[in-house]
Structure formats: C-alpha cells, structure tokens
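Protein sequences appear in the order of chains A and B. According to our numbering, the stretch in the first sequence is residues 1 to 319, in order. According to our numbering, the stretch in the second sequence is residues 320 to 607, in order. A short write-up of the structure that comes next.
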Amino acid sequence: MDLKFLDFEQPIAELEAKIEELRFVGDDAEVNINEEVARLKEKSESLTRSIFSKLSAWQIAQIARHPMRPYTADYLQSIAPDFQELHGDRMYADDPAIIGGVGHIDGRRIMFIGHQKGRDTKERVRRNYGMPKPEGYRKAQRLMRMAAKFSLPIVTFIDTPGAYPGVGAEERGQSEAIAYSLYLMARLRTPIVSVVIGEGGSGGALAIGVGDRLMMLQYSIYSVISPEGCASILWKSAEKAEDAAAAMRITAESLSKFELVDDVLPEPLGAAHRNPAAAADVVRNALLNSLDELDKLDIEQILVERQRRLSGFGQFKES
Amino acid sequence: MSWFEKLMPSRISTEKRTRSVPQGVWIKCPKCDAQLYRTELERNLYVCPKCDHHMRIGARRRIEYFLDADSLTELNASLEPEDPLKFRDSKRYRDRIVQAQKKTGEKDALITVSGNLMGRPVVVCAFEFAFMGGSMGSVVGEKFSRAAEHSAKTAAPLISFSASGGARMQEALFSLLQMAKTSAALANLGELKIPYVSVLTDPTTGGVSASLAMLGDVNIAEPKALIGFAGPRVIEQTVRQKLPDGFQRSEFLLDHGAIDMLIDRRQLREQIASLLDKLVPMPAPPTD
Chain A
1 MDLKFLDFEQ PIAELEAKIE ELRFVGDDAE VNINEEVARL KEKSESLTRS IFSKLSAWQI
61 AQIARHPMRP YTADYLQSIA PDFQELHGDR MYADDPAIIG GVGHIDGRRI MFIGHQKGRD
121 TKERVRRNYG MPKPEGYRKA QRLMRMAAKF SLPIVTFIDT PGAYPGVGAE ERGQSEAIAY
181 SLYLMARLRT PIVSVVIGEG GSGGALAIGV GDRLMMLQYS IYSVISPEGC ASILWKSAEK
241 AEDAAAAMRI TAESLSKFEL VDDVLPEPLG AAHRNPAAAA DVVRNALLNS LDELDKLDIE
301 QILVERQRRL SGFGQFKES
Chain B
320 MSWFEKLMPS RISTEKRTRS VPQGVWIKCP KCDAQLYRTE LERNLYVCPK CDHHMRIGAR
380 RRIEYFLDAD SLTELNASLE PEDPLKFRDS KRYRDRIVQA QKKTGEKDAL ITVSGNLMGR
440 PVVVCAFEFA FMGGSMGSVV GEKFSRAAEH SAKTAAPLIS FSASGGARMQ EALFSLLQMA
500 KTSAALANLG ELKIPYVSVL TDPTTGGVSA SLAMLGDVNI AEPKALIGFA GPRVIEQTVR
560 QKLPDGFQRS EFLLDHGAID MLIDRRQLRE QIASLLDKLV PMPAPPTD
C-alpha cells in the first residue's frame, strides 16, 4: 500500500520500504528473513511512536489534510452501513461538498451531516475540495429541521478548508447561509453532536458544528482562518504558515486545554489513515457515549445547557 | 500638468491651498475628491453633499446620530480584551490592543447602549472599525450577547450597525466561536419575538457578515457599502478573474435578495422608527 508519507515521516517511509523489499526477496530466497522483518517492523513502530509524540501544529495540519485521511463517507460506511443519502436544498442545487442522510449506529436512528472531500482529482473537483456553497448549508438546514421533526439526534462530521469564496456563492448569500445555520442550530429541538475529523476551517466548519458536544480527532485541526491565510495577512507571507499554525493553537490538544473542545479522540498509531477501521471504532464509541449522556436530559434541559455552553465561549476582563 | 493648470499661478492651485490649511477643517471626499468643509459635512452626517458618498464613521458618532439626544446609557463599558493565546505575529496581540485603545479611546471594537429612538426605547450596538478593523473577538461577542439579553429583558428592539472585517485572528478559535455565541443570543431574542434590525455599513465581511449582521428580521444597508462573506481579493485569487463593478456592494445585495432595503444615512432614524412601529407598535401611553 502506498501510504503517501509526509516530509517528516521520511525515516518511517525508508524503513517501510526496506521491509517491503525484504518481503519481496523473502518470497524466492531460502534464507529465513522473517526475523529481520519483525525486527524492522518493531523499529518502524517505535520510530512512528517517537515522531508522532512530538508533532508540531503545522505537522498536525498536514496530517489533518492527508490525501488518504478517512472522510465523512468512510466513517459512515463503517459506523452506519445502512446510511441513506438525501440530496438537495429544494431551492437551487445539491452541493456535493456536504453530504447528509439517515442511518443507524447500533440500532439508534441518526441524522448525519458532514463535509465531503474527494479522493481522486475528478472527485475532488466535483466536491469542490470540500468547500461548500450556500446550497450546501441550506441542504444541511433542511436535514436538521427534518431531524427535529422526527426526533432524530444529529451527528455532524467536520472536514473542510472553509466555505467556498466564489462569485456564485456570494450571489446566493454565503454569509446568510452560514449565519442562519448557526441561528438554527442554537435552538434546534434535538441533540447535536459534532466531530472534527480533519480540517475545521473557519465559519464553513462552524456552520455545521454548533451544538451540545464538540469532539476532535487527535490529529484534526480547528481554526478561525487557515494557517496560510493568517500568515499572509499578519506576517505578510504565506510561507509563515508554520508560525501561524503554532500561534493559533489549532490542534485538538491545545484547544481542549482552553476548554473549547469537550473530547479529544485518540487516533491509531501513525494517524487515522494508517488504520481507518480502528479510527472508525473510536469515533463510533465516542458518539454512542455522547448520545447516551444526552439521552438522560429532556429537550428543554438540552436547550438550556446548549445556551449556557454557547454563551460561555470567550475570555475577557471585566473591571 | 494640464494646460489649465499651467495657466493658473501655482499659489492658487487648490492642491497647494489645502496643504496649508490646518488639518481637519477641510475634508476631501474619497469618492468624488470634492473639498468639503468639516462643519457642513458633520451637519450632513458625513455623507458627501456633492456625490452622496457615505463616509465611514466611528461607533460613538454613529450612535449619537441615531438616537435621541440625551437618552443614552452605555452598557457593559468595562469589558476589556484578554490575550488567552499569548498571540504574537510580527507584533504582540497585547501591544496591538494597547495601540488600538490609544488610537480610538475605546476598550474594544463594539459599543453598546440603551437609549431612545424617536421616543421608543431601543438597544443599539455599533462597531468601531478603527479598532483593529472592527474585528470580533471575545469582548465584541460578549457585549453583543449582553446587549441582546438586555433587549430581551426590557423588550426593547435591538439594532446593530456593523462595520467589520470579520473575526479577530489573534483570538483564533475563541473569535470563531463568537459567531455561534452571538447567533445564539439572537435566536433567543427571536423566540421572544423582539425585533432585531441589522444595519450593514461599509465594510461588513467575514465572520461578522456570516453571523449577526445577516440575521436581522430586517437587514438594511447604507448605499454602496462593501458587504460579503469573502473579501474581494480572496475571491479574485480563488476564481482568477476580475470581479464585475459593483460586486458585493449594497445594491448588488439588494438585487440578489440578501437585504431588505437600502437607506440613506440621513433617513435611518425616521425609517427604522417607522419600521419598528409597524412590526411591534409601541403600547399607547396610559390615559387618565
């Protein structure tokens, strides 16, 4: 399998290449090389562990955007195999950058909504690199209202560079679409749980991320602007993205220290794409736990708690 | 130099004359270049009398122009920004705050007051664009939410004047979440059926446009204000084409159905008062 190693993973990549090579040789050679392969595998694992124990914010951003990282549809496939996709905003179009629909996790009925990136070039273009247009948010709103109508809790998966900054998006009211999503979710009469699975890019991410619980996968990021965008405005150079990533504390770990995130979900060794099934298990269990907790409250209590949670965001002085 | 300028003796050319005048008595309209006498401009609420260009004005002046004289009480004036992330780019955020506070005399980018609009109690929020581009951080979000709560408690309509580049990057995710916080405060107000009028002024973009500014029961814009989600430069870079004239201006938004009406600054008081009277008539004063 071509794992598309990132720059800082090169030492791991070299070891893995060696292992592959040995295996290849092992097929037709008589020497027993199993021992050597096992030794190298162990070495590769401990190297991975050591590299992944001290990742910078920028490196984590690279992992969050990794081309092989599991996307919304991948998680749905493993945790809600009976998922049925529902399309369209009933007004203008179906935006493939956001997918939504109904399915079961462990017998629980759930409305799922998530950003969707594409895997190959063609699909990436079709899904606009996971950058939704107003019709995407309006589809999400429609599904949220439907969820409340049929008492389905909502689970959202966040993974977008941001809402699309294009001419058509502006013409059709990108600002209003995002703003109204925030407004709707604030008082929606059904539980809402969100997981950042990759990139949490600004208002385009938040627009499906307001609710009762916010979780982040260990190597996902969440920020008000992309590190590149921030760097080009504040440092006047996109090359300073690494500094911007660090300064904005975009990682799950730092955000949970500031209590902006409720839970950080651990990823398998070498990040979710190295073992998507294990990552999906973690997500599934975390979702079930959150939904169980919310089950103990009636909807009025949930709304009061949600209000308290939302109005508590922020740090300031008052003299 | 044109033939006309050559004919004129240099000492009476207008350009030289303005330079010798003490700064501030004359103001040049950024749109039509007319030289305007400050007192006259102030009387005209900083709308150019020659071309009707609406100049940017500060939050205090905005509120003063809008509400009845001597009716104002400022709300939550003591809120001040913090620097939870110890953010530093080419400058420290802490220093930027101090600099902006010195420049504007304000603690942060939003002023909130309660007061009367043509005799009716209202709550007003106004962004100070000169304070870090009117950017929304924790203080702006908290003051806006408290203003909405005050509006809910007193059943007084809420009116906001936005002028903002968006979320404040130096507060990172804290600032992003202010979008959710302010929208939630407005959702509460909405459930109580108290009107919220959003007035979008030049410029309103980014996180402020994509939250509180677009959520008015009635959205109003001043003429020719820049209003949008993404800034024009970002869009140009993304789509690699030149944007049409008037793109993302108030008139464009009116055409595309994003706002209810365009109102000249000099008409805002009367028009909004009249609007509120139709949405929620004021209770008649008790008769003896």
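Each residue gets a CB set at the ideal place from its N, CA and C atoms; glycine is no exception.
query: Count Cβ pairs between the stretch 456 to 463 of chain B and the stretch 373 to 386 of chain B that sit closer than 8 angstroms; are there 3 or more?; result: no
query: Going straight from the alpha carbon of PRO440/B to that of MET601/B, what length do you get?; result: 9 angstroms
query: Report the partner residues of ILE430/B according to the DSSP bridge assignment.; result: ALA445/B
query: Count the other C-beta atoms from every protein chain shown that fall within 10 angstroms of the C-beta of MET580/B, then say buried if there are 16 or more, exposed otherwise.; result: exposed
query: If distances are taken between C-alpha atoms only, which option among PHE112/A, PRO161/A and ALA147/A comes closest to ARG124/A?; result: PRO161/A
query: Which of helix, strand or coil does DSSP assign to MET318/B?; result: Because chain B spans 320 through 607 in this model, residue 318/B falls outside it and cannot be assessed.
query: For the stretch 246 to 266 of chain A, which residues have a CB atom closer than 9 angstroms to at least one CB atom of chain B, in sequence order?; result: ALA247, MET248, ARG249, ILE250, SER254, LEU255, PHE258, LEU260 and VAL261
query: Quick one: give me the first and last residue of the alpha helix (DSSP H) that ASP564/B is part of.; result: Run containing ASP564/B: none; DSSP gives neither H nor E here.
query: Can you give me the C-alpha to C-alpha distance between MET248/A and PRO368/B, rounded to a whole angstrom?; result: 45 angstroms
query: Write down every uninterrupted run of the beta strand (DSSP E) in the stretch 470 to 544 of chain B whose length is 3 residues or greater and which is fully enclosed by it, in chain order.; result: 477 to 483, 515 to 524 and 537 to 540
query: Let me check one thing: in DSSP terms, what residues is GLY200/A bridge-paired to?; result: THR160/A and TYR222/A
query: Using only CA atoms, which one of ARG413/B, MET533/B, PHE450/B and ALA396/B lies nearest to LYS422/B?; result: PHE450/B
query: Would LYS500/B count as contacting chain A if we go by Cβ distances under 7 angstroms?; result: yes
query: Between the Cα of GLY547/B and the Cα atoms of GLN489/B, ILE416/B and SER569/B, which residue gives the shortest distance?; result: SER569/B
query: Considering only residues of the same chain and omitting the five flanking positions on each side of ILE79/A, which have a CB-CB separation below 6 angstroms?; result: ILE105, ALA280 and ARG284
query: Which stretch, first to last residue, makes up the beta strand (DSSP E) that contains GLN354/B?; result: 354 to 356
query: Can you name, in chain order, every residue of its own chain whose Cβ lies under 7 angstroms from the Cβ of ILE225/A, other than the five neighbours on each side?; result: SER202
query: With distance defined between alpha-carbon atoms, name the residue in SER319/A, GLN301/A, LEU294/A and GLY270/A nearest to GLN10/A.; result: GLY270/A
query: For chain A, find out if any of its Cβ atoms is closer than 7 angstroms to the Cβ of SER517/B; answer yes or no.; result: no
query: Under a CB-based cut-off of 7 angstroms, is PRO476/B close to chain A?; result: no
query: So which residues on chain B does PHE157/A lean against when the C-beta distance must stay under 7 angstroms?; result: Under the 7 angstroms cutoff, chain B gives no residues; its nearest Cβ is about 18 angstroms from PHE157/A.
query: Counting only C-beta atoms, is GLY526/B closer than 7 angstroms to chain A at any point?; result: yes
query: In this structure, does DSSP put PRO227/A in helix, strand or coil?; result: helix
query: Can you check whether the CB of HIS373/B is closer than 7 angstroms to the CB of GLU589/B?; result: no
query: Select from ALA504/B, PHE493/B, ARG487/B and SER481/B the residue whose C-alpha is nearest the C-alpha of SER470/B.; result: ALA504/B
query: Is the Cβ-Cβ distance between ILE343/A and SER220/A less than 7 angstroms?; result: With chain A represented from 1 up to 319, any question about residue 343/A goes unanswered, as that position is not in the structure.
query: Any chance the stretch 352 to 369 of chain B sits against the stretch 392 to 400 of chain B, with 3 or more Cβ pairs inside 8 angstroms?; result: no
query: Cα-Cα, which of GLU259/A, ALA244/A and ALA169/A is closest to SER232/A?; result: ALA244/A
query: Would a C-beta distance cut-off of 7 angstroms place GLY88/A and LEU143/A closer than the cut-off?; result: no
query: So ILE591/B is in the alpha helix (DSSP H); what residue range does that whole segment cover?; result: 587 to 598
query: Step through the CB atoms of chain B and report whether any lies within less than 7 angstroms of the CB of LYS18/A.; result: no
query: Is the stretch 528 to 540 of chain B in contact with the stretch 162 to 179 of chain A, if contact means three or more CB pairs nearer than 8 angstroms?; result: yes
query: Going along chain B, which residues have a C-beta under 9 angstroms from TRP235/A?; result: ASP408 and SER409
query: May I ask you to list, following chain order, the residues of the stretch 535 to 561 of chain B that have a beta carbon less than 7 angstroms from some beta carbon of chain A?; result: GLY547, PHE548, ALA549, VAL553, ILE554, THR557 and VAL558
query: Have a look at GLY484/B and ALA491/B and give me their C-alpha separation to the nearest angstrom.; result: 15 angstroms
query: Straight-line CA distance for ALA475/B to LYS512/B?; result: 11 angstroms
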